[in-house]
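Notes follow once the structure below has been shown.
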Amino acid sequence: MTILQTLHLRRSSQWDPPTILDHLLTSPLKWIMSILYSYILFLRGRPFHPPPRPPSSSSSVSGAGVEQQQEKGPIRVVCLSDTHDQTLPVPDGDLLVHAGDLTQDGSRESIQKQIDWLDGLPHRHKVFVGGNHDGWLDPEARRALLRERKSRRQIDFKSLRYLENSSVTLDFKGGRRLNVYGYGAVPECGDDTFAFQYKRSHHPWNGAIPPETDVLVTHTPPAHHLDLSLGCPGLLSEIWRTKPKLHIFGHIHWRAGTEPVYFDECQASYESLMSRPSPPSPCYLLGLGPLLNDFFFFPFVLLSARSRAAWVDALAVLWYGINSILWKWIMQGPHSNNGGLFVNAAVMHGNTGKLRRGGNEKAVVVVEL
Ligand SMILES: *[C@@H]1O[C@H](CO)[C@@H](O)[C@H](O)[C@H]1NC(C)=O
1 MTILQTLHLR
11 RSSQWDPPTI
21 LDHLLTSPLK
31 WIMSILYSYI
41 LFLRGRPFHP
51 PPRPPSSSSS
61 VSGAGVEQQQ
71 EKGPIRVVCL
81 SDTHDQTLPV
91 PDGDLLVHAG
101 DLTQDGSRES
111 IQKQIDWLDG
121 LPHRHKVFVG
131 GNHDGWLDPE
141 ARRALLRERK
151 SRRQIDFKSL
161 RYLENSSVTL
171 DFKGGRRLNV
181 YGYGAVPECG
191 DDTFAFQYKR
201 SHHPWNGAIP
211 PETDVLVTHT
221 PPAHHLDLSL
231 GCPGLLSEIW
241 RTKPKLHIFG
251 HIHWRAGTEP
261 VYFDECQASY
271 ESLMSRPSPP
281 SPCYLLGLGP
291 LLNDFFFFPF
301 VLLSARSRAA
311 WVDALAVLWY
321 GINSILWKWI
331 MQGPHSNNGG
341 LFVNAAVMHG
351 NTGKLRRGGN
361 EKAVVVVEL
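Everything in the sequence shown is counted per our numbering, starting at 1 for the first residue and increasing by one.
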């Protein structure tokens with residue numbers, strides 16, 4: 001631990017949220033733009049609107065055809081991730097998704113315990129992927145988990161659908177259907193008892209996600225979204241290709257939450273800015289290079305092609321962002337959006353070992369599709 005870390009002025013690991021000083025020492029421009037970007041997303045309103053709820057059944061006319069139509073309503077998707085052996089009250093819904101890290105030690109027994117708990121919940125469909133902590137699910141990691149080597153017992157998935165680079169089509173009331181693709185692969189982050197790890201340079205996502213996917217479930221976030229800069233760029237480009245309505249992931253506990261996505265110029269410019277290495281500074285005094293470089297030497301920084309490109313991206317985010325807000329509210333109205341949603345569903349409160357919001361129902365994200 002350095003003195004700055006002891007004083008909590010700098011974070012102690014890349015899994016923690018950056019402090020203000022961390023931001024200033026890496027790239028103040030990126031920091032400010034990430035805040036402005038979240039305001040832009042907020043001002044664009046809800047990214048999509050589910051079909052309206054059907055009128056209550058007492059007023060419905062009987063007759064099979066009519067009933068079928070009237071039952072069409074929103075599908076409630078309940079999103080969980082990173083429970084790490086713990087259980088909590090889960091809101092009711094039509095589809096329950098667990099995006100991996102059911103356990104801490106990855107043993108067959110721990111995974112079975114979590115499955116038994118999830119199996120007992122009343123949701124119509126339940127789907128999960130494994131996370132890096134669920135070693136038993138990956139034959140290679142299983143070999144490294146010493147205690148698990150000899151056991152021949154299998155896991156009983158019960159009412160859960162386990163997805164590993166595979167899809168399932170699910171039926172809901174009113175004849176609605178969702179296509180769900182899941183895969184728990186993660187960029188390398190631990191020893192060989194961790195499951196489904198890949199090298200960032202050799203990611204498994206190219207062409208992996210079927211284009212008809214409505215709901216994408218992975219353990220890792222995509223790069224630049226709810227990810228503390230630890231998400232996967234390969235997954236992000238595959239998402240641009242397939243544009244699922246809902247993407248549920250976890251892994252980065254401190255970034256739990258939701259973020260709308262529109263796959264437009266504003267988002268592309270933001271991702272381009274975030275993917276740039278911080279520009280080299282003309283002044284490394286006390287490591288304040290990025291701060292001086294991004295702001296105090298402005299406009300001189302524009303002489304360097306790298307900082308110029310970063311500033312062009314930042315201005316593009318603002319330009320396209322303001323345009324999209326004005327276009328929506330002036331030209332189209334409140335129900336116009338046709339975007340998607342990213343959900344980091346981690347219920348663990350950072351690295352504290354405790355659940356978010358004291359482990360009550362509000363720790364769980366519910367999305368209506
Ligand atoms: C994922 O599935 C696709 C299609 O079945 C296959 O081509 C690809 O090799 C699989 N990827 C991995 C990492 O298993």
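The beta-carbon is built from N, C-alpha and C at its ideal position, and this holds for glycine as well.
In this text the structure is predicted, and so the values were computed from the model without any measurement.
C-alpha of LEU170 to C-alpha of LYS158: approximately 16 Å in a straight line. Ranked by how close their Cα comes to the Cα of PRO244, the residues THR6, GLU212, LEU41 have GLU212 in first place. The three-state secondary structure of ASP116, taken from DSSP, is helix. If you look at ARG308, you'll find it in the alpha helix (DSSP H) that goes 305–326.
Around the beta carbon of THR352, a 10 Å sphere encloses fewer than 16 other beta carbons of the protein chains shown; the residue is thus reported as exposed.
Here DSSP, grouped into helix, strand and coil, assigns CYS266 to helix. In the DSSP assignment, LEU216 falls within the unbroken beta strand (DSSP E) covering 215–218. The alpha-carbon of LEU315 is positioned some 33 Å away from that of VAL186. With a contact defined as Cβ atoms closer than 8 Å, LEU118 and HIS133 miss out at about 16 Å. No Cβ-Cβ contact shorter than 8 Å links ALA208 with ALA141. Membership of HIS23 in the alpha helix (DSSP H) is indicated by the continuous run 20–26. For HIS247, same chain residues with a beta-carbon under 6 Å away, outside a window of 5 residues either side, are LEU216, PHE342 in chain order. In the three-state reduction of the DSSP assignment, SER110 falls in the helix class, which pools H, G and I. The three-state secondary structure of HIS225, taken from DSSP, is coil. Annotation for LEU236: the continuous alpha helix (DSSP H) segment containing it runs 233–242. At a threshold of 7 Å, ASN165 counts as near ligand 1, since its beta carbon sits closer than that to one of the ligand's heavy atoms.
Using a cutoff of 7 Å, the CB of ALA208 counts as near ligand 1, since one of the ligand's heavy atoms is closer than that. For LEU137, the secondary structure class from DSSP, reduced to helix, strand or coil, is helix. At least one heavy atom of ligand 1 sits closer than 7 Å to the Cβ of PRO204. Here the alpha carbon of ILE20 sits roughly 14 Å from the alpha carbon of GLN14.
LEU29 and TYR37 have their alpha carbons spaced roughly 12 Å apart.
Contact annotation: CYS266 and ILE3 have beta-carbon atoms that are not nearer than 8 Å. For LEU4, the enclosing alpha helix (DSSP H) covers residues 3–6. Counted as a single uninterrupted DSSP element, the beta strand (DSSP E) harbouring CYS79 occupies residues 76–80.
Residue burial annotation: PRO47 is buried, with at least 16 other C-beta atoms found within 10 angstroms of its C-beta. Cα atoms of LYS113 and VAL129: separation of roughly 15 Å, rounded to the nearest angstrom.
Residue pairing by DSSP places GLY359 opposite no residue, since no beta bridge is assigned to it.
The beta carbons of ARG153 and ARG108 sit about 6 Å from each other, so the pair counts as a contact at 8 Å.
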